[in-house]
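In our numbering, the protein residues as written are 338 to 592.
Every residue, glycine too, gets a C-beta built ideally from N, C-alpha and C.
Keep in mind it's a predicted model, so treat the numbers as computed, not measured.
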Ligand code: NAD
């Protein structure tokens, strides 16, 4: 019996086999979960569909999280196919490349709005539409980064969006706790992915992590997936509103 046997849920944010969402999907599958996936657009569908099918998934739906209607449609389809769900993985973020390179004070109003919309706000309607399907309780995990609480060079507007995301985790956890719906975040160390390629000097972040983190190395998508698995499983039945660090201890060291 796996930790997730009999549980069903949806994963937002697989772009390819390097995605943190994919590392998470593999762990959930290994532990017996039944998974649905979403993809951003047709170009990504070509990558996501074969990955999803390799884990036996039959529900693979489009969703641009800037659209409430598309988010609602995903959960309407899940209700039709499954009736109820047990978990949601939110592993979605975006900011304009310029806003991750230029000095922070140059952040444009539109760039700020876009980063907040996709990377922070989207969690709120996701939980809103997921909650009625979590009739026997449920668990939601989102992905965040240290730049939410420290001024990490060039993380810029994404750090502000992650701060809003982490705060949203606490408010959603407070609102839905009575319904036994838990909401948590995993704060991952830097990992080379499509999204990470937009962040200025990303390689340097990997080197700094190898040099300074207590574990003296970077972490993997699978290690992040293991923590998401824990938070989504009944092992974490008493845990909500938390930010759980998977960064080799980097966040605890100074200098
Ligand atoms: P990724 O590029 O594989 O995943 C980002 C996903 O966001 C993609 O699947 C993309 O399609 C999706 N996305 C972007 N705009 C969207 C929209 N409008 N609607 C729907 N989906 C949209 O990169 P990743 O590194 O796996 O990122 C996943 C999450 O992990 C993000 O929240 C990211 O901030 C977070 N994270 C990443 C790192 C890292 O170093 N890679 C570290 C900490 C946290």
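DSSP places residue 453 in the helix class (H, G or I) of the three-state scheme. As the crow flies, the alpha-carbon of residue 559 is around 19 Å from that of residue 373. Taking 8 Å as the upper bound for CB-CB distance, residue 368 and residue 350 are not in contact here, some 19 Å apart. Measuring C-alpha to C-alpha distances from residue 444 to each of 474, 498, 563, 570 identifies 498 as the nearest. Secondary structure remark: continuous beta strand (DSSP E) runs of at least 3 residues inside the segment 488–546, in chain order: 518–525. Minimum Cα-Cα distance from residue 508 among the listed residues 458, 448, 406, 570 corresponds to 458. Annotation: the continuous alpha helix (DSSP H) that includes residue 466 extends over 460–467. Around residue 472, the same chain offers 421 as residues with beta carbons nearer than 7 Å, after the five sequence neighbours per side are excluded.
Rounded to the nearest angstrom, the Cβ distance from residue 452 to residue 436 is 7 Å, consistent with a contact under 8 Å. Excluding residues up to 5 positions away in sequence, 483, 496 lie with their Cβ nearer than 7 Å to the Cβ of residue 489 in the same chain.
Taking C-beta atoms as the reference points, residue 358 and residue 404 fail to come closer than 8 Å.
The nearest non-hydrogen atom of ligand 1 is less than 7 Å from the C-beta of residue 480.
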